[in-house]
Amino acid sequence: MGEFGHFALACAWFLALFGFIGGAYAGLKQHDRLFLSVRNGTMLCALCLLLSTGALGYQFLTNDYTNQFVWQFSNASMQAVYKISAIWGGMDGSMLLWALILSGAGAAVAYSSASMPRSLMPWVLSILNSSTLFFTTVVLYLTNPFRYINAPFIPPDGNGLNPLLQNPYMAVHPPMLYLGFTTYAVPFSFCMGALLSNNLGNEWLRLTRRWALVAWSFLTFGIALGGHWAYLELGWGGFWAWDPVENSSFLPWITGSAFLHSIMVQERKNMLKFWNVWLIVLTYGLTVFGTFLTRSGIVQSVHAFASTDIGWVFLLYLSIMFLATAALTFLRRNELRSSKTIESLLSREAAFLVNNLLFLSICFAVLWGVMFPVLSEAITGKKQTIGIPFFNAVNVPLFLALIALMGLGPMIAWRKASTESLRRSFLAPFVGSFAIAMFLLWVGIEGFYPILSYSLCFFVTWTILAEIHRGMKVHKPAESAVGSLVSLLSRHRIRYGGYLIHFGVVVVTIGITASMAHKTEVEFTLGRGETHTQGRFNLTLNSLEGFDTQNYEALKAQVAVTSAKDKEALGSLEPEMRFYKKNKETTSEVAIRSSLREDLYLVLAGVDTSGERAALKLFINPLQVWLWFGILVMMLGSLVVVIPQKRGSKV
Amino acid sequence: MTYISFLILSIFVTWYLLRPLFATEVLGGGEVVSDRESLLDQKERCLQVLKDLELDFSLKKISESDYTTMKGSLQRELGSVLSRLKA
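These protein sequence lines map, in sequence, to chains A and B.
Heads up, the first sequence is in the working numbering, so the first residue is 1 and it goes up one at a time.
Heads up, the second sequence is in the working numbering, so the first residue is 1 and it goes up one at a time.
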């Protein structure tokens with residue numbers, strides 16, 4: 001099966017090469033038949049990579065340890081789901097998955113290219129195939145997952161997957177991230193196709209807007225799943241540590257978010273053409289840069305793959321990408337020039353520009369934090385790291401400014417807003433937010449940023465509701481409130497879907513602010529039957545038991561949670577410590593009691609030598625669930641925007 | 001068995017890849033790149049932008065002169081699309 005997977009991979013490489021060269025030739029000569037052949041080739045490439053990945057999956061499921069990669073990341077005692085997720089548990093398989101998803105996006109574009117402009121599509125497919133060609137080249141020649149094991153005999157069992165990765169989230173989180181990363185190749189390819197074919201109207205933007213949002217949604221969901229995995233699995237009570245690998249997925253999310261906003265200015269005002277081209281190139285470039293970071297070994301991270309020598313290939317690819325974009329944008333500088341300028345700072349387009357500058361400032365700050373250890377070592381010879389305080393100090397005010405803009409932007413008129421309209425739109429929400437800030441101070445909430453954050457969230461929620469209310473008033477005012485609302489939302493689904501995403505961001509912000517600013521963290525030891533009181537809760541250790549499974553040995557604490565006030569039973573928490581026999585690694589399985597108000601997060605940190613007392617670490621994270629709920633609201637909003645509208649609507 | 005699977009995959013890839021290049025019949029049906037589909041999409045987009053523009057104007061988020069200019073431009077684009085669809 002390994003040979004077949006390798007052969008299918010080689011076929012995919014050939015097809016990507018054909019698509020790259022053939023697409024460019026078909027674009028130059030407007031050769032219809034060759035274009036259709038490239039179109040078929042692009043779909044075949046995805047099929048071949050699917051067969052190749054399927055062959056690797058089969059080797060994992062059948063414990064085929066003649067394959068070096070299977071032996072390294074799997075063993076017989078692992079559940080089938082983790083054998084499959086082990087495909088992306090190591091670098092070789094993760095690169096194959098990347099190539100597969102990228103080719104899948106290419107196949108989807110190729111399939112739907114029938115209804116897209118002929119002058120543009122050969123170029124688009126050529127660029128998409130060039131990306132697939134790069135990744136299949138890396139897989140085929142540098143990180144081939146079909147290598148035979150270098151041993152005189154076939155080992156009876158494999159090494160097994162890192163226990164931290166034997167988690168359902170790890171089965172979903174990397175594919176989601178890769179879906180986000182690779183889907184950005186589509187708007188990137190349309191952009192390059194538009195530059196190459198000199199088709200620089202707004203058509204390429206209209207065609208790729210949905211793709212850009214799909215990519216952003218997958219990336220958002222992938223990052224959130226990663227955060228949730230870290231929260232459940234790493235046992236430190238948090239979900240985001242500004243780790244270089246986390247940051248590498250966050251960077252394209254930031255520029256991708258900026259792109260989603262700035263394309264609205266181009267669509268509406270025919271401005272920021274040059275900016276948008278660079279923004280999408282930067283976004284796709286950052287997805288590749290993130291791959292370089294995690295695989296080159298230049299940054300240290302718990303999430304990074306082992307250091308390899310493939311980093312230079314990614315740097316070369318990135319350099320070619322940016323040089324080609326620079327050359328093309330120079331060549332098309334006249335077509336990219338905007339005929340209009342921003343007339344007033346109090347305008348929607350100015351708000352979008354500020355929004356973009358804020359996003360890029362965050363991007364720069366995060367990139368600086370990631371690269372600082374590398375740069376400091378290169379310049380001074382000493383590696384200096386930047387920690388969480390730097391990222392929080394720089395990014396928290398920038399994010400809060402973005403939240404403020406989320407409330408301000410949609411209410412401001414295009415071109416120029418009058419003072420009267422600003423007063424009418426903002427006076428009430430501003431006064432309301434100020435009152436909220438005063439109320440929070442009065443009830444004893446401390447800290448400037450938390451109070452500002454809650455007030456701004458209130459402000460944005462008010463402006464969203466006000467916007468819907470105003471829309472209902474002007475849209476079919478004669479109808480009932482419900483009828484008018486339904487009609488308004490269905491008629492302007494993209495706009496109100498966007499507001500739903502904004503509302504999701506508000507909920508996420510409340511969750512992040514509360515869980516970070518008002519977190520409680522305590523460590524204590526308990527013997528059987530002893531109780532610890534923390535805030536509203538009593539925690540009583542009922543039992544401390546060991547047990548054995550095929551894969552690991554475990555020690556489980558059973559802790560009863562009751563109300564400190566009236567002793568009402570609130571449930572029990574059962575944190576575990578596990579020792580994985582094959583990997584000889586100890587992990588901590590946290591126990592969480594979630595409610596809308598707070599998460600009780602309990603970690604079994606250790607036991608004393610007698611085995612009678614448990615060392616426990618307790619985190620009380622207020623409004624933690626709001627963060628995850630907010631992500632779901634954002635996803636719902638994305639879905640509302642992404643689902644195509646039925647044809648035949650009337651104005 | 002392995003070599004047979006290589007052969008089957010190779011034949012299928014070659015056939016599907018080269019089919020459009022050597023097809024003797026005039027390209028038609030699902031293979032023809034449909035201008036009509038593209039025009040229908042363009043029509044939908046114009047209509048959507050027009051609806052949004054009207055809402056923005058009713059909410060006083062866009063000046064009358066901008067509204068008139070943009071609406072005129074969109075209506076011209078829509079007219080051109082509709083006439084090409086009729087042709």
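Just so it is clear, CB atoms sit at the ideal spot from N, CA and C, and this is done for glycine as well.
These numbers were taken from a predicted model, which means no experiment stands behind them.
Whether residue i touches residue j by CB criterion (7 Å)
i        : j        : result
A/Leu213 : A/Val642 : yes
A/Arg33  : B/Leu21  : yes
A/Pro674 : A/Trp229 : The displayed coordinates of chain A run from 1 to 651. Any statement about residue 674 of chain A would go beyond what the structure contains.
A/Ser543 : A/Ala560 : no
A/Leu596 : A/Val625 : yes
A/Glu349 : A/Val277 : no
A/Lys582 : A/Gly90  : no
A/Phe259 : A/Ile280 : yes
B/Val13  : A/Leu44  : yes
A/Leu441 : A/Tyr454 : no
A/Leu541 : A/Leu555 : no
A/Thr53  : A/Ala110 : no
A/Pro155 : A/Tyr65  : yes
A/Tyr601 : A/Ile592 : yes
A/Ala564 : A/Phe537 : yes
A/His261 : A/Asn355 : yes
Strand pairing of residue i, partner residues [DSSP]
i        : result
A/Gln558 : A/Ser543
A/Glu521 : A/Phe619
A/Arg578 : A/Ala554 and A/Thr587
A/Leu207 : Looking at the DSSP assignment, A/Leu207 forms no beta bridge with any residue, so it has no partner.
A/Tyr148 : A/Asn67
A/Gly527 : A/Arg613
A/Phe656 : The question about residue 656 of chain A has no answer, for chain A in this structure spans 1 to 651.
B/Arg19  : DSSP output for B/Arg19 lists no bridge partner at all.
B/Ser58  : Its beta-bridge partners do not exist; DSSP assigns none.
B/Asp52  : DSSP output for B/Asp52 lists no bridge partner at all.
A/Asp548 : A/Glu553
A/Arg593 : A/Leu600
Assigned exposure category for residue i - 16 Cβ within 10 Å defines buried
i        : result
A/Pro244 : buried
B/Val81  : buried
A/Leu545 : Residue 545 of chain A is actually Glu in this sequence, not Leu. So A/Glu545 ends up on the exposed side.
B/Arg76  : exposed
A/Gly387 : exposed
B/Val32  : In this prediction, B/Val32 has a pLDDT of 43, which is less than 50 and means its spatial position is unreliable; what the coordinates show is noted afterwards. Per the 10 Å Cβ criterion, exposed.
A/Ile379 : exposed
B/Lys43  : buried
A/Tyr148 : exposed
A/Gln30  : exposed
A/Gly529 : exposed
B/Arg45  : buried
A/Asp92  : buried
A/Ala76  : exposed
A/Asp608 : exposed
A/Val522 : exposed
A/Ile254 : buried
Within chain D, partners of residue i - CB distance below 8 Å
i       : result
B/Ser80 : Given the protein chain composition of this structure (A and B), no chain D is represented.
Extent of the continuous alpha helix (DSSP H) run through residue i
i        : result
A/His502 : Arg493 to Ala517
B/Gln75  : Glu64 to Lys86
A/Lys473 : Phe448 to Val474
A/Gln266 : Pro244 to Lys269
B/Met1   : First-last for B/Met1: undefined, no H or E at that position.
A/Pro117 : A/Pro117 -> no alpha helix (DSSP H), and no H or E assigned at all.
A/Ile436 : Thr419 to Trp442
A/Val642 : Gln624 to Val642
A/Leu336 : Arg333 to Leu336
A/Ile87  : Looking at the DSSP string, A/Ile87 is not in any alpha helix (DSSP H), and its letter there is neither H nor E.
A/Trp123 : Met121 to Thr137
A/Ala241 : First-last for A/Ala241: undefined, no H or E at that position.
A/Gly193 : Ala185 to Ser197
Unbroken beta strand (DSSP E) run spanning residue i, endpoints
i        : result
A/Asp599 : Glu598 to Val607
A/Ser572 : Ala569 to Leu573
A/Thr531 : Thr531 to Gln534
*Entirely enclosed alpha helix (DSSP H) segments - the stretch 23–76 of chain A, minimum 4 residues*: The qualifying runs are 32–61 and 68–73.
*Kindly provide the ranges of any beta strand (DSSP E) runs that are 3 or more residues long and lie completely inside the stretch 374–417 of chain A, ordered along the chain.*
Listed in chain order, nothing qualifies, since the stretch 374–417 of chain A has no complete beta strand (DSSP E) run of 3 or more residues.
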